[in-house]
Structure formats: structure tokens, C-alpha cells
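Notes follow once the structure below has been shown.
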Amino acid sequence: MGVLRAAGCEVVHVVLGASAEAVRERAELPGCVLVDNPEWAEGMGSSLRAGLASLAADPRGVDAALVSLVDQPGIGAEAVARVRAAYTSRESLAAASYDGSRGHPVLFGAAHWAGIAELAVGDRGARDYLAAHRDAITPVDCSDVAEPYDIDTEADLDRLE
């Protein structure tokens with residue numbers, strides 16, 4: 045949450061899954077909208093759908109979603125700010141790029157949310173939608189300011205030291 049705020053994101057929705065209650069008790073998420081995803085076991089697609097639905101219902105009138113994954117601590121505020129700066133309209137699609145490969149964070153203008161939600165199933169998230177709209181994506185090089193590794197296993201925790 046701190047990275048998103050430091051990058052200029054004013055509205056932050058956090059999708060909670062398997063350990064939602066523990067996160068609510070332990071995490072410091074002031075000012076965030078906490079979104080429960082009871083279907084978290086279906087995969088990241090259900091979390092993306094829950095987050096987009098929450099943003100669509102936000103009374104502040106959100107025009108874009110910047111999706112950042114909690115298991116990528118090597119992506120900091122500068123990469124998020126660069127991708128955020130690629131927003132031009134509700135039609136915007138932008139993604140961080142690392143040595144020519146698309147990664148996170150990703151920005152979805154609100155005009156794309158329904159299509160993304162329709163295709164967001166299992167662990168594919170927005171992958172199929174982005175593949176179908178490849179030519180509309182603005183790549184944002186973040187190779188010099190971020191490392192897009194995931195923390196998925198206990199062995200990966202060594203990267204945090």
C-alpha cells in the first residue's frame with residue numbers, strides 16, 4: 045500500500061483472499077478499501093474480478109485500475125508511477141516492461157474492465173484479454189528501476205535479505 049501511495053495512487057482497493065481475517069487484524073492498510081474475495085481458491089482471476097467490481101462501485105468515480113501484485117516486492121514506487129503516468133483516458137492499457145517482456149504493474153482504463161472480468165478465470169487473470177489487445181498496450185520500460193521477481197516459495201524469501 046505504501047508503494048502505491050508513494051506513486052500517487054489516491055484510491056487503493058486491496059483484495060483479500062485465504063487469510064482475509066488475519067490480514068485485517070495485522071496489516072496496516074489505513075484509507076484502503078478492503079475487498080473480500082470468498083472465491084480466492086479459484087485463482088487470481090477471481091481476485092481481479094472482485095477488485096474491478098469494487099472499483100466500478102466506488103462512488104469517487106475511478107477511471108483506471110493499476111494492478112500491483114503483493115508477491116512482487118522488487119517493484120517499487122518509481123515503476124508504479126511510470127505505469128500510472130501512461131494513463132491518458134478510460135481506454136488506456138499500459139504495462140511495465142522488463143527487458144522487453146510484459147510484467148506488472150498493469151494499468152487498465154475503465155473501458156476495459158468488463159472485457160477483462162469476462163476473461164479473468166483461474167490463474168490467468170488478465171493474460172487472455174491483454175493478449176487479444178496486444179496492439180493497444182503501451183509498454184512502459186521499468187527495467188532500470190524494478191525487479192519483477194515473485195515470492196512464491198519459502199526459498200524465494202532469501203531474495204528479501
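Residue numbers for the sequence shown, in the numbering used here: 45 to 205. For each residue, glycine too, the CB sits at the ideal point set by N, CA and C. Values in this document were obtained by computation on a predicted structure and should not be read as measured data.
Under 7 Å between C-beta atoms of residue i and residue j
{"i": "GLY118", "j": "GLU191", "result": "yes"}
{"i": "ARG168", "j": "GLY61", "result": "no"}
{"i": "ALA97", "j": "VAL47", "result": "no"}
{"i": "ALA123", "j": "VAL189", "result": "yes"}
{"i": "SER136", "j": "ASP185", "result": "no"}
{"i": "PRO149", "j": "SER112", "result": "yes"}
Through-space distance from residue j to residue i, alpha-carbon basis
{"i": "ALA50", "j": "ALA85", "result": "31 Å"}
{"i": "VAL200", "j": "SER133", "result": "Here the sequence assigns Asp to residue 200, which means Val is not the residue at that position. Those two C-alpha atoms are separated by around 37 Å."}
{"i": "GLY159", "j": "GLY52", "result": "26 Å"}
{"i": "TYR193", "j": "GLY144", "result": "15 Å"}
Residue i, buried or exposed, once every other Cβ within 10 Å from all chains shown has been counted against 16
{"i": "ARG128", "result": "buried"}
{"i": "GLY147", "result": "buried"}
{"i": "ALA175", "result": "exposed"}
{"i": "ARG93", "result": "buried"}
Continuous alpha helix (DSSP H) stretch holding residue i: start and end
{"i": "LEU204", "result": "Unbroken run through LEU204: none, as it is neither H nor E."}
{"i": "SER63", "result": "Segment: none, SER63 is in no alpha helix (DSSP H) and carries neither H nor E."}
Span of the beta strand (DSSP E) around residue i
{"i": "ARG146", "result": "145-153"}
{"i": "LEU78", "result": "77-80"}
{"i": "ALA108", "result": "108-111"}
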